[in-house]
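First up is the structure itself, then whatever we jot down about it.
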Amino acid sequence: MSINPDLQGRSYPAVEVYDVGREKIREFAKAVKASHPAHFDVEAAKALGYSDLVGPPTFAIIVAQRADAQLIEDPDSGIDFSRVVHADQRFTHHRPIVAGDQLIAELHVDGVRAMGGGAMITTRAEISAVLGDNQREKVATTTSSILVRGEGQ
Amino acid sequence: MSPTIAELEVGQEIASRSIAVTRQDLVRYAGASGDFNPIHWNEAFATSVELPGVIAHGMFTMGSAVQLVTDWAGDPAAVVDYQTRFTKPVVVADTTGTAGAGAVIDVTGVVGALDADAGTARIDLTVVAAGQKVLMKCQAVVKLS
Chain A
2 MSINPDLQGR
12 SYPAVEVYDV
22 GREKIREFAK
32 AVKASHPAHF
42 DVEAAKALGY
52 SDLVGPPTFA
62 IIVAQRADAQ
72 LIEDPDSGID
82 FSRVVHADQR
92 FTHHRPIVAG
102 DQLIAELHVD
112 GVRAMGGGAM
122 ITTRAEISAV
132 LGDNQREKVA
142 TTTSSILVRG
152 EGQ
Chain B
6 MSPTIAELEV
16 GQEIASRSIA
26 VTRQDLVRYA
36 GASGDFNPIH
46 WNEAFATSVE
56 LPGVIAHGMF
66 TMGSAVQLVT
76 DWAGDPAAVV
86 DYQTRFTKPV
96 VVADTTGTAG
106 AGAVIDVTGV
116 VGALDADAGT
126 ARIDLTVVAA
136 GQKVLMKCQA
146 VVKLS
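In the order they appear, the protein sequences are chains A and B.
The opening position of the first sequence corresponds to residue 2 in my numbering, with each subsequent residue numbered one higher.
The opening position of the second sequence corresponds to residue 6 in my numbering, with each subsequent residue numbered one higher.
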């Protein structure tokens, strides 16, 4: 099955709220071999001026890849996950992610380009914190390109 | 003591380190991140899709490489922008039951650009495994005082 060229310009609304927990920040920090105390010790994070534990610079990937899953698992997309290779990634932080944040991500498909028998797909996740009263605060913008390898690639 | 813009020069090396990686690290990253693609933990599956073996998550490499910058800056949230391209896979050998690493990732950070008005330094990371650059255009923009 080939990649649906009409994916370009499509967007997937923010559906699920991701609750950022202290133990998840600690677990993720250990997994990327981070040792800064602001990931582990609430007092150390507060001493730097944060309300709670701070996520490592790539923590937002958890939320971004959940948003990407909506596209990859969309039967209409034609993407075979076992042939997906991560080509590039960028994080732009508008403010730090801290424990206690409730995050949502809106996914945009910014580009679809045929490459050999496969395709390069660029997505952007706009990640915001839910503040109550339907207020949202911009937290991070992540962009990601995946190469879906064609047969024999 | 956190670095300040005034004391930095373009081209200056900020730090370097080697990161030892095992299959267990990849399983831990899979669980922590939610990325359970079997190319990162199952040899038979990885080779069946024409990979040389089990490979590290690109995001594991990107996420662990930036720790050099975080530790240097003294504040993890000082990294306001971070990007890379994934050019070569990091193949991680199975060393289960031994003290050996399955791969070693060498990271070096150099000041790539300074923006005094924005109060930021761009740190360019060179990330090498098995003699090959595995990340390209790996750049972290750091907010400094």
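Where is the CB? At the ideal position from N, CA and C, for every residue including glycine.
In this text, all values refer to a predicted model and were calculated from it rather than measured experimentally.
Closer than 9 Å to the CB of A:Ala39 there is at least one CB belonging to chain B.
About 34 Å separates the beta carbons of B:Leu149 and B:Thr27, which is beyond the 8 Å limit, so they are not a contact pair. Taking all protein chains in view, the Cβ of B:Asp30 is crowded by 16 or more other Cβ atoms within 10 Å, so the residue is classified as buried. Only buried fits A:Ser78, as 16 or more other CB atoms lie within 10 angstroms of its CB.
A residue is called buried when at least 16 other Cβ atoms come within 10 angstroms of its Cβ; A:Pro57 meets this threshold and is buried. The alpha carbon of A:His87 has as its nearest neighbour, out of A:Ile73, A:Ile98, A:Val99, the alpha carbon of A:Ile73.
Of all C-beta pairs linking the segment 123–133 of chain A to the segment 105–112 of chain A, three or more are shorter than 8 Å, placing the two stretches in contact. Closer than 9 Å to the CB of A:Pro58 there is at least one CB belonging to chain B. Contact of B:Gly68 with chain A is assigned, a C-beta pair being separated by under 9 Å.
Residue burial annotation: A:Glu24 is exposed, with fewer than 16 other C-beta atoms found within 10 angstroms of its C-beta. At a cut-off of 9 Å between C-beta atoms, B:Ile44 counts as an interface residue with respect to chain A. For a Cβ distance threshold of 8 Å, residue set Ala35, His37, Pro57, Pro58 of chain A lies close to B:Thr75, ordered along the chain. B:Arg90 and A:Ser83 have their C-alpha atoms spaced approximately 20 Å apart.
For B:Thr100, the CB contacts under 8 Å within the same chain, skipping 5 residues up- and downstream, are Thr27, Arg28, Ala106, Gly107 in chain order. Per the C-alpha coordinates, the member of B:Ala25, B:Ile110, B:Val84 positioned closest to B:Gly124 is B:Val84.
Per DSSP, reduced to three states, the secondary structure at B:Lys93 is coil, with no helix or strand assignment.
Chain B places a beta carbon closer than 9 Å to that of A:Glu28, counting this residue as a contact.
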